[in-house]
């Protein structure tokens, strides 16, 4: 689970690098919005290849991580931003916090999701996660669309992430705006709010609430949904009929006066074919052509993706969240 509180993970990685790519002993600081168990897979693989590099990691949700990066703008601590939403990357790019990577690094493979300041590693789709056992106990059918979630029979049974703190929650909100326009999207959210039990501070927490049965319907995301469904046969992951809002988890170099040579080594590794093969184990869409079948859960219903203008919504993020908080924050975790 992405914790609201920062998780400091000290990884001491020691050993050899190729003769043409020597690392310095300087600690590499990575800020990551990947899920904890997911990023561990990637860092473990990096350690095997570059065990000489000492890494300090801070793992948090998209919103919390971005707030920290903004607060540290004058004296950045991070060298690498890893797994952050493209919309948050756009916000950081606009204030000059990101280094133009093409000036320093030429990708070794063709990547589909790239611009001069950040590279998309994989898509994550928004899904509805349902505890079918709990709904059956209540004599309720499984919702198949976003609009289904506004039916009166689901009152108090739904949970979703607070978009102020969670990238998953914000992607849902801008996905609805992309589908219906801002006015109709907020009209929809007012109807949905009548059925919401709680807005969580974490993008992963709704999935756990649904699994426990406390709130049997969750707005979640594909990576977490796939992990939950594998272990819990009563859980079902639904790709909404209207389409799934898709985020782009990305990597960027932080612009710093004193650059860390190890940052470029990590960046190059993170966009390599080796790393892409790790991302495809957890995600359906990655930045290069897949080499394996889609993850289980995608084979029957391949999601229709709602296209999101990342730059546009990054510019309007504060305004959208102000409106959302005025209307809905009273049901947010910690305020009840």
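Numbering (the numbering used here), first residue to last: -5 to 330. The beta-carbon is built from N, C-alpha and C at its ideal position, and this holds for glycine as well. Note that the structure is a prediction, hence the values are computed from the model and not measured.
By the 10 Å Cβ neighbour count, where 16 or more other Cβ atoms means buried, how is residue i classified, buried or exposed?
i	result
residue 218	buried
residue 200	buried
residue 278	buried
residue 95	buried
residue 13	Unreliable positioning characterises residue 13 in this predicted model, as indicated by a pLDDT of 32, which lies under 50. A coordinate reading is not provided.
residue 194	buried
residue 89	exposed
residue 87	buried
residue 31	exposed
residue 286	exposed
Tell me residue i's beta-bridge partners as DSSP assigns them.
i	result
residue 108	113
residue 25	52 and 75
residue 230	124
residue 92	248
If I follow the unbroken beta strand (DSSP E) through residue i, where does it start and stop?
i	result
residue 246	238 to 248
residue 336	The shown model of the chain, from -5 to 330, leaves out residue 336, and the question about it has no answer.
residue 214	211 to 215
residue 155	152 to 155
Quick one: Cα of residue i to Cα of residue j, how far?
i	j	result
residue 186	residue 154	10 Å
residue 166	residue 307	12 Å
residue 175	residue 39	43 Å
residue 179	residue 203	25 Å
residue 225	residue 205	10 Å
residue 67	residue 76	17 Å
residue 268	residue 45	16 Å
If you check the beta carbons only, do residue i and residue j fall under 8 Å apart?
i	j	result
residue 126	residue 228	yes
residue 65	residue 248	no
residue 52	residue 245	no
residue 189	residue 152	yes
residue 163	residue 242	no
residue 147	residue 138	no
residue 302	residue 213	no
residue 347	residue 57	No statement about residue 347 is possible, as the shown extent of the chain runs from -5 to 330 and does not include it.
residue 326	residue 156	yes
residue 161	residue 27	yes
Could you please give the first and the last residue of the uninterrupted alpha helix (DSSP H) stretch that includes residue i?
i	result
residue 127	126 to 131
residue 332	Only positions -5 to 330 of the chain appear in the structure, and residue 332 is not among them; the question remains open.
residue 42	30 to 43
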